[in-house]
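Trainee:
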C-alpha cells in the first residue's frame, strides 16, 4: 500500500481555506426556504388562519397563545376556557403555525408564528401576519432581498389584502 506524503501544516491550511470559503458564502437558503414555506402555508390554510383570526379578535383580553402557555397566564381571567385554548392549539397544528399566535400594536397586528429561534435577547421569528394598517410598519417588497445578516428589525412582505409574511430579527 502506498503512503501519501503529508506535509506539515497542510491540514491547517485546508481548514483555513474551508473556514474562509464558508464565511465568504452568503447562505440564505434557510431564510428563503422559510419564506417559501410561509407562503405555501398561507395558500393551503387561509381558511384555518381566518378562523384563528376571528377567534383572537373575539377573545379581546388574550394577547398570546403558545404551545403550552398564554398571556395573560390565566386565560380564564379574560373569559377563555381550556376548551377554547385546545381549539386554538388544534388549529395551530393543522395550519402549521406551531409556535402560536400573538397580538401586538393595539390589536392592529396579529402574528401567526411558524418558526422561532431564541428571541429573549436575540434570535428570530417568522410567520404570517394579519395587519389592519401597515402604513407605519417596515414593509419590504421581498424578504429574500434583505441583506445577510439583516439589521435588527421586524420586516413584512405583503401576500394579499391584509395578509403578510413577517420576519422579526433581534440581536
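In the numbering used here, the protein residues as written are 121 to 291. For each residue, glycine too, the CB sits at the ideal point set by N, CA and C.
Please check the pair residue 176 and residue 223, which I expect to be a contact at CB under 8 Å, by giving their CB distance rounded to whole angstroms.
Mentor: 6 Å between Cβ atoms; contact.
Trainee: What's the C-alpha gap between residue 144 and residue 257?
Mentor: Legend: pLDDT at residue 144 = 34, less than 50; position of this residue unreliable, value from coordinates given subsequently. Roughly 32 Å separates the two Cα atoms.
Trainee: What are the start and end residues of the alpha helix (DSSP H) that includes residue 206?
Mentor: It spans 202-215 - the alpha helix (DSSP H) in which residue 206 sits, taken as one unbroken run.
Trainee: Would you report the Cα separation of residue 362 and residue 268, rounded to the nearest angstrom?
Mentor: Here the chain has residues from 121 to 291 only, and residue 362 is not among them.
Trainee: So, is residue 168 buried or exposed, given that buried needs 16 or more other C-beta atoms within 10 angstroms?
Mentor: Buried.
Trainee: Going by the DSSP bridge assignment, what does residue 237 pair with across the sheet?
Mentor: For residue 237, which the question treats as bridged, DSSP gives the partners 244.
Trainee: For residue 187, which of 161, 232, 166, 251 has the nearest alpha-carbon?
Mentor: Nearest C-alpha to residue 187: 232.
Trainee: Spatial neighbours of residue 294 within its chain, please: CB distance less than 6 Å, with the 5 preceding and 5 following residues excluded, ordered by chain position.
Mentor: For the chain, the structure presents residues 121 to 291; residue 294 sits outside this window and is missing.
Trainee: Can you give me the start and stop residues for the beta strand (DSSP E) that residue 224 sits inside?
Mentor: Taken as a continuous stretch (DSSP letters only), the beta strand (DSSP E) holding residue 224 covers 221-224.
Trainee: Starting from residue 193, follow the beta strand (DSSP E) in both directions and report where the run begins and ends.
Mentor: Unbroken run through residue 193: none, as it is neither H nor E.
Trainee: Would you tell me roughly how many angstroms separate the C-alpha atoms of residue 213 and residue 171, rounded to the nearest one?
Mentor: Cα to Cα, residue 213 sits roughly 13 Å from residue 171.
Trainee: Can the beta-carbon of residue 185 be found closer than 8 Å to that of residue 155?
Mentor: Against a cut-off of 8 Å, the Cβ pair of residue 155 and residue 185 comes out as no contact.
Trainee: Give me the Cβ distance between residue 191 and residue 243, rounded to the nearest whole Å; I'm assuming they're in contact under 8 Å.
Mentor: In fact, because the Cβ distance is near 18 Å, the residues do not count as touching under 8 Å.
Trainee: At the level of alpha carbons, what is the spacing between residue 160 and residue 253?
Mentor: When rounded, the distance between both Cα atoms is 23 Å.
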